[in-house]
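Q: Protein chains in written order, with the working numbering: chain L, 901 to 1113; chain Y, 901 to 1113. All residues carry an ideal CB built from backbone N, CA and C; glycine is no exception. All figures in this text were calculated on a predicted structure; none of them were measured in a lab. Have a look at the structure that comes next, please.
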DNA sequence: GCATGTGGATACTGTAACTATCCGATAGTG
DNA sequence: CACTATCGGATAGTTACAGTATCCACATGC
């Protein structure tokens, strides 16, 4: 298969495929002549993965390159690769280092302790959670503090569902890719489920009279 | 307070504040002279909200304008405003209309039926969930189908925690803003909690020997 | 044998989100 | 009251990102 075939199967324009090749997101095809190469279904798979990370996850192309390089590198442990992806996904929302931030950090720590979670001191998710919580406080939305444990318990169940199937995978590459997809696309799936659950819950407990037109 | 004061309090550059004024994201200050205006803490609050939606939620400026216009308009029902925000947040990941997509749609419908959820036929979250699920299938990640109910039950608990406090709010504007922040920043908070839960669960059930270096 | 397509390099485009400059007018200081 | 910093508002410029488009010498396949 050559570029045009890869393009029509994947729906990605030829020019864009060339761009991804150039940027190192997609491995080159097997060259049969100075200006001829063959692509196979590994390219199709990879292209699909790239598009999902970009379109659903919103990752910048440069990040996708780094993450995929980590996926491909057998020396990179899976958790390190995921850390990279997760760190990339999580916008580094500059924390303002004010009272709200300090309070948010303390609340996250208290929540971890209450629930018996063991999370690295330097996990980006810690900073991220505290940063978002601090923003909520600054916006006058204090109610999340009280609900943190409810969210945490839900997150626990989700994490359990996330990890069990991944642990069964033998091949390192498969496991890395599964973890990556689960993390990035999983966020989008969960967000959609949350919306539907909200709508359903709202319809059930607040009959559509005043609030719902 | 004038722009420079607003700028130093909020940390947003003057030029950017002017840009937001121009684009209609921020209401103009009370003009005291042809070229002089006073800003108050409603501007500070609004600015914080804008930055959160942009930096955490990743919403485009044009969308933020539309969403905030809906928040401000007393004639827009809260759920319509939220629908706008939710629709904006959820990238319209073009569904490829193939077998995978059809199957994903069916799986989402089955899940809704099994859990007794009442969700509008045209809810964007439906399309979004199906679209993400279809992508997972195309990537060879089938395990999510089996886990859909686990995720759904977690989403139910989250939705419950989300909605209860919002229902208490009396003022329409407060309620709209609370729902908006809860939806947009809530996604980010939940994603961070999920990461931490994964790390904690992983450490607990897969002792750090082989996989975790 | 010749139109069609190829890999690869280079240059260009479009959009989004600011950022900088300029203007005449005002505010607050001394 | 003079005067300098700052203001609001308009306009133009910048940067970053993610592609697109063009060009080329060469291959393929009818």
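Where does residue 931 of chain L land, buried or exposed, given buried means 16+ other C-beta within 10 angstroms?
A: Label assigned to residue 931 of chain L: exposed.
Q: Given a cut-off of 7 Å, decide if residue 1029 of chain L and residue 1092 of chain Y are closer than it, judged by their beta-carbon atoms.
A: Going by C-beta atoms, residue 1092 of chain Y is nearer than 7 Å to residue 1029 of chain L.
Q: Please work out which residues of its chain come closer than 7 Å, Cβ to Cβ, to residue 907 of chain L, disregarding the five sequence neighbours upstream and downstream, and give them in chain order.
A: Around residue 907 of chain L: 913, 914, 917.
Q: Leaving out five residues before and five after residue 967 of chain Y in sequence, what residues of the same chain have Cβ atoms less than 6 Å from its Cβ?
A: Once the five neighbours on either side are set aside, the close Cβ partners of residue 967 of chain Y are 984, 985.
Q: Going by DSSP in three states, residue 1023 of chain L sits in which element: helix, strand or coil?
A: In this structure, residue 1023 of chain L counts as coil in the three-state DSSP scheme.
Q: In angstroms, rounded to a whole number, what distance separates the CA positions of residue 971 of chain Y and residue 951 of chain Y?
A: Approximately 16 Å, taken between the alpha carbons.
Q: Please report whether the beta-carbon of residue 946 of chain L lies at a distance below 7 Å from any beta-carbon of chain Y.
A: No, no contact with chain Y.
Q: Could you tell me whether the segment 1029-1049 of chain Y touches the segment 998-1015 of chain Y, using the rule of 3 or more Cβ pairs below 8 Å?
A: Judged by Cβ distances under 8 Å, the segment 1029-1049 of chain Y makes contact with the segment 998-1015 of chain Y, as three or more pairs qualify.
Q: Going by C-alpha distance, which of Y:1101, Y:1069, Y:1086, Y:901 is nearest residue 938 of chain Y?
A: For the residues Y:1101, Y:1069, Y:1086, Y:901, the minimum Cα distance to residue 938 of chain Y belongs to Y:901.
Q: What is the rounded straight-line gap between the Cα of residue 1111 of chain L and the Cα of residue 1100 of chain Y?
A: Confidence in residue 1111 of chain L is poor, its pLDDT being 45 and thus under 50, which makes the residue's placement unreliable; the coordinate value appears in the next sentence. Distance between the alpha carbons of residue 1111 of chain L and residue 1100 of chain Y is about 40 Å.
Q: Hey, does residue 1095 of chain Y have any beta-carbon neighbour from chain L nearer than 7 Å?
A: Closer than 7 Å to some Cβ of chain L, the Cβ of residue 1095 of chain Y qualifies, so yes.
Q: Give the residues from the segment 960-993 of chain Y that approach chain L closer than 8 Å (Cβ to any Cβ), ordered along the chain.
A: Of all residues in the segment 960-993 of chain Y, 977, 978, 979, 980, 986, 989, 990, 991, 993 have a Cβ within less than 8 Å of some Cβ in chain L.
Q: Taking DSSP as the reference, what is the three-state secondary structure of residue 1098 of chain Y?
A: DSSP places residue 1098 of chain Y in helix when its eight states are reduced to three.
Q: What is the DSSP secondary structure of residue 938 of chain L, reduced to helix, strand or coil?
A: The answer is strand: DSSP assigns residue 938 of chain L an E or B state.
Q: Can you round the beta-carbon distance between residue 956 of chain L and residue 1090 of chain L to whole angstroms, since I take them to be within the 8 Å contact cut?
A: Their Cβ separation, rounded to whole angstroms, is 12 Å, which puts residue 956 of chain L and residue 1090 of chain L out of contact at 8 Å.
Q: So, are the CB atoms of residue 1041 of chain L and residue 1062 of chain Y less than 7 Å apart?
A: No, the pair does not count as a contact, with Cβ atoms beyond the cut-off.
Q: Just grab the DSSP bridge partners of residue 931 of chain L for me.
A: BP columns for residue 931 of chain L point to L:937.
Q: With DSSP as the reference, label residue 1036 of chain L as helix, strand or coil.
A: Residue state, collapsed to three classes: helix.
Q: So is residue 1085 of chain L in contact with chain Y if we call contact Cβ pairs under 7 Å?
A: Output row for residue 1085 of chain L: interface = yes.
Q: With 16 as the cutoff for other CB atoms within 10 Å, does residue 942 of chain L come out buried or exposed?
A: That one is exposed.
Q: What is the rounded straight-line gap between the Cα of residue 964 of chain L and the Cα of residue 1095 of chain Y?
A: Between residue 964 of chain L and residue 1095 of chain Y, the C-alpha separation is close to 19 Å.
Q: Does the CB of residue 1051 of chain L have a neighbour CB from chain Y at under 7 Å?
A: It does: the Cβ of residue 1051 of chain L has a partner Cβ on chain Y nearer than 7 Å.
Q: Along the segment 1015-1034 of chain L, where does the CB come closer than 9 Å to a CB of chain Y? Name the residues.
A: Against chain Y - using a Cβ distance shorter than 9 Å - the residues of the segment 1015-1034 of chain L are 1015, 1016, 1017, 1018, 1019, 1020, 1023, 1024, 1025, 1026, 1027, 1028, 1029, 1030, 1031, 1032, 1033.
Q: Looking at C-alpha atoms only, which residue of L:1045, L:978, L:1053, L:933 is the closest neighbour of residue 1067 of chain L?
A: It is L:978.
Q: Contact check, residue 959 of chain Y vs residue 988 of chain Y under 8 Å by CB: the rounded distance?
A: Confirmed, about 6 Å.
Q: Assign residue 1081 of chain Y to one of three DSSP states: helix, strand, or coil.
A: Helix at residue 1081 of chain Y.
Q: Using 7 Å as the threshold, is the C-beta distance between residue 904 of chain L and residue 944 of chain L below it?
A: No, the pair does not count as a contact, with Cβ atoms beyond the cut-off.
Q: For the segment 904-938 of chain Y, enumerate the residues whose C-beta is nearer than 8 Å to any C-beta of chain L, in chain order.
A: From the segment 904-938 of chain Y, only 911 have a Cβ closer than 8 Å to chain L.
Q: Using only alpha-carbon positions, find the residue among L:1079, L:1026, L:1087 that is nearest to residue 1054 of chain Y.
A: That would be L:1087, whose Cα lies nearest to the Cα of residue 1054 of chain Y.
Q: Using a Cβ-Cβ distance under 7 Å, would residue 953 of chain L count as near chain Y?
A: False, the Cβ-Cβ gap to chain Y never drops below 7 Å.
Q: Considering only residues of the same chain and omitting the five flanking positions on each side of residue 1005 of chain Y, which have a CB-CB separation below 6 Å?
A: If we look at residue 1005 of chain Y and ignore the five residues flanking it on each side, its Cβ neighbours are 1030.
Q: Assuming residue 1033 of chain L and residue 949 of chain Y make a contact with CB atoms under 8 Å, what is their CB distance in whole Å?
A: Actually they are not in contact, since the Cβ atoms of residue 1033 of chain L and residue 949 of chain Y sit about 16 Å apart, beyond 8 Å.
Q: Which same chain residues end up closer than 6 Å to residue 1016 of chain Y when comparing Cβ atoms and leaving out the 5 residues on each side of it in sequence?
A: Counting only Cβ-Cβ distances below 6 Å, and skipping sequence neighbours, we find nothing.
Q: Taking the C-alpha atoms as reference points, what is the distance between residue 1082 of chain Y and residue 1019 of chain Y?
A: Going from the Cα of residue 1082 of chain Y to the Cα of residue 1019 of chain Y covers about 20 Å.
Q: Specify the secondary structure class of residue 1012 of chain Y as computed by DSSP and reduced to three states.
A: DSSP places residue 1012 of chain Y in helix when its eight states are reduced to three.
Q: For residue 1058 of chain Y, go through chain L and note every residue whose CB falls closer than 8 Å to its CB, in chain order.
A: 1050, 1051, 1054, 1094, 1097, listed in chain order.
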